[in-house]
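Numbering (numbering that gives the first Met the number 0), first residue to last: 0 to 166.
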Amino acid sequence: MARLDILEYPDPRLRLQSGPVEAFDDALHQFVEDLFETMYAFSSLGLSAPQADVQQNIIACDASGTGHARRVFINPEITASSTPGYVQETCLSVPGRKGLVKRPTRLSVRAQDTSGQPFTAHLQGLEAVCLRHEIDHLYGILFIDRLWLLRRLGIRARTYLQQRQAA
Ligand code: ZN
0 MARLDILEYP
10 DPRLRLQSGP
20 VEAFDDALHQ
30 FVEDLFETMY
40 AFSSLGLSAP
50 QADVQQNIIA
60 CDASGTGHAR
70 RVFINPEITA
80 SSTPGYVQET
90 CLSVPGRKGL
100 VKRPTRLSVR
110 AQDTSGQPFT
120 AHLQGLEAVC
130 LRHEIDHLYG
140 ILFIDRLWLL
150 RRLGIRARTY
160 LQQRQAA
C-alpha cells in the first residue's frame, strides 16, 4: 500500500478528461487500495483517480468516513438523478476552500466493480452527493466551477495572489 500524491488546483492535469478502465487486473486492485488509503489518511469521503494523476474512470467513496462503507465505482454512468439541493463541499484538490454547490440528493448509477462485474446502485444523501462530486473529477470539473460567479472569481484571485507570494 502506498499513499498517493494529490494534484492541487490550479494544476492543469485536474482538467483532463479521464478514460474508461479496460484491465481489471492486480494493478487496478492495488491502485484502488492506494486510493482508499490516501482518502482515509486525509479524512476525505471520496477520491477519484484523476486527483492522483491517473486519468481513468475510478472512484473510491466512503460516506461514513469510518472504513465500513467502502464503495468502488469503475466506469460509472449516471442513469437517474433527483432535483438538487445545496450542500457545502470541500475537495482535497482545492485545499482550504469550501462552498455551497447544487447536487442531487438521490442518484442512480451503473458501474463496474474491481473485477469488472457490472452493477447498479441507488444512492441517497451524502453518498449521492459524494459520488456526484467525484464523477465531476472524471470530466475535469471541480466543485469551484459550480459556485456562484463572484465566489469563483474570489477563489481564483486568492489562488493567484498565493502563487505570487510563493514564487
Ligand atoms: Zn474533489
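The beta-carbon is built from N, C-alpha and C at its ideal position, and this holds for glycine as well.
None of the values given here were measured: they were computed from a predicted structure.
**Report entry** CA-to-CA distance, Met-0 to Thr-78, given in whole angstroms
**Finding:** 33 Å
Query raised in the report: Ile-73 by DSSP, collapsed to three states: which one?
Result: DSSP places Ile-73 in strand when its eight states are reduced to three.
Query raised in the report: If you run the structure through DSSP and keep just helix, strand and coil, what is Val-31?
Result: helix
Query - Nearest candidate by alpha-carbon position, reference Arg-69, set Gln-16, Leu-130 and Gly-153 - result: For the residues Gln-16, Leu-130 and Gly-153, the minimum Cα distance to Arg-69 belongs to Leu-130.
Query - chain D within 8 Å of Phe-30, Cβ atoms only - result: You won't find chain D in this structure, because it holds only one protein chain.
Report task. Note down, one range per segment and in chain order, each beta strand (DSSP E) of at least 3 residues found wholly within the stretch 92-129. Result -> 98-103, 105-111 and 117-123
Report task. Would you mind sorting His-132 into buried or exposed? The rule is 16 or more other CB atoms within 10 Å of its CB. Result -> Of the residues assessed, His-132 falls on the buried side of the cut-off, its CB having 16 or more other CB atoms within 10 angstroms.
Requested in this report: Kindly indicate which three-state DSSP category Leu-44 falls into: helix, strand or coil?
Outcome: coil
Report task. Could you round the C-beta distance between Leu-34 and Leu-3 to whole angstroms and report it? I think they count as a contact, below 8 Å. Result -> 7 Å
Query raised in the report: What do you reckon, are the CB atoms on Leu-46 and Ala-62 nearer than 8 Å?
Result: no
Report task. Return yes when at least one heavy atom of the ligand ZN lies under 7 Å from the C-beta of Ser-63, else no. Result -> No.
Query raised in the report: Based on the DSSP secondary-structure assignment, which residues constitute the bridge partners of Gly-18?
Result: Gln-55
Requested in this report: Give me whichever residues DSSP pairs with Glu-88 in a beta bridge.
Outcome: Gly-98
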